[in-house]
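**Student:** Just passing along the structure, written as structure tokens.
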Amino acid sequence: MPTLDQWFGYAGQAAMLGWLILVFLPRRWALLTAIPRYVIPFGLSLLYAGFAMTHFFGVEGGGYGSLDQVAALLGTREMLLAGWVHYLAFDLFIGGWIAVEADKIGVNRVIQAPILIATFMFGPVGLATFLAMRAGYFRKDGAADVTLEEPSKVPA
């Protein structure tokens, strides 16, 4: 069985692979686009569920009712790892959504890259940047409809 440090490394490598695909590879291939949008976040979600469900209830004083409870919860290495994997999974999933939505409204990949990197490094900062940009200058007619189109219908 891998150690916590090994799980940390595997999760980080999987997330990094997803981000590299999102930033650098074309999105015209549905399977390739599905890897960072669905496959890796799903795997990370399973890893999170495994750690969270097996350790959450065993943390003395841990919970979500106060900052002290959250601090206690994340005070164990298992739950700290679960929290980190939670970040990796959600940030990558949101990065995939941003990439596809940016393609739909015609945002150049050179402009997308810093937004995706901001999402990778600072999650909500990248999301807020994209949402502000989408609501403003780069918005095209019909872009307000948020749909879950098949990746194969999104231009590369």
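At position 107 of the sequence shown the residue is numbered 192 (this note's numbering), and the sequence of numbers has no breaks. Ideal Cβ placement from N, Cα and C applies to all residues, glycine included.
Answer yes or no: do residue 210 and residue 203 have a C-beta to C-beta separation smaller than 7 Å?
**Tutor:** Taking 7 Å as the Cβ cut-off, residue 210 and residue 203 qualify as a contacting pair.
**Student:** So what does DSSP say about residue 236, is it helix, strand or coil?
**Tutor:** At residue 236 the pLDDT is 49, less than 50, meaning the model places this residue with poor confidence and gives no usable figure here.
**Student:** Rank 194, 207, 220 by C-alpha distance to the C-alpha of residue 109 and give the top, closest one.
**Tutor:** Cα-wise, what sits closest to residue 109 is 194.
**Student:** So the candidates are 152, 140, 180; which of them puts its Cα closest to the Cα of residue 103?
**Tutor:** Among 152, 140, 180, the Cα nearest to that of residue 103 is on 180.
**Student:** Between residue 131 and residue 139, what straight-line distance do the alpha-carbon atoms span, to the nearest angstrom?
**Tutor:** Computed Cα separation, rounded: 12 Å.
**Student:** Determine whether the beta carbon atoms of residue 214 and residue 196 lie at a separation below 7 Å.
**Tutor:** Against a cut-off of 7 Å, the Cβ pair of residue 196 and residue 214 comes out as no contact.
**Student:** Would you kindly check if the distance between the Cβ of residue 176 and the Cβ of residue 135 is under 7 Å?
**Tutor:** Result no, Cβ atoms of residue 135 and residue 176 do not sit closer than 7 Å.
**Student:** May I have the straight-line CA-CA distance separating residue 126 from residue 183, to the nearest angstrom?
**Tutor:** Distance between the alpha carbons of residue 126 and residue 183 is about 14 Å.
**Student:** Pull up the CB-CB distance for residue 129 and residue 170, whole angstroms please, since I reckon it's below 8 Å.
**Tutor:** Between residue 170 and residue 129 the Cβ distance is about 5 Å, and since that is below 8 Å, they are a contact.
**Student:** Is the CB-CB distance between residue 198 and residue 167 below 7 Å?
**Tutor:** For residue 198 and residue 167, no; Cβs fall outside 7 Å.
**Student:** Can you have a look at residue 164 and say buried or exposed, based on whether 16 or more other CB atoms are within 10 angstroms of its CB?
**Tutor:** Its Cβ being crowded by 16 or more others within 10 Å, residue 164 is buried.
**Student:** Between which residues of its own chain and residue 148 is the CB-CB distance below 7 Å, once the five residues before and five after are set aside?
**Tutor:** Taken in chain order, the residues that qualify are 154, 158.
**Student:** Secondary structure at residue 155, three-state DSSP: helix, strand or coil?
**Tutor:** Three-state result, residue 155: helix.
**Student:** Tell whether a beta-carbon distance below 7 Å holds between residue 100 and residue 152.
**Tutor:** Against a cut-off of 7 Å, the Cβ pair of residue 152 and residue 100 comes out as no contact.
**Student:** What residue from 161, 156, 160, 219 has the CA that sits closest to residue 185's CA?
**Tutor:** The residue with the shortest Cα to Cα distance from residue 185 is 219.
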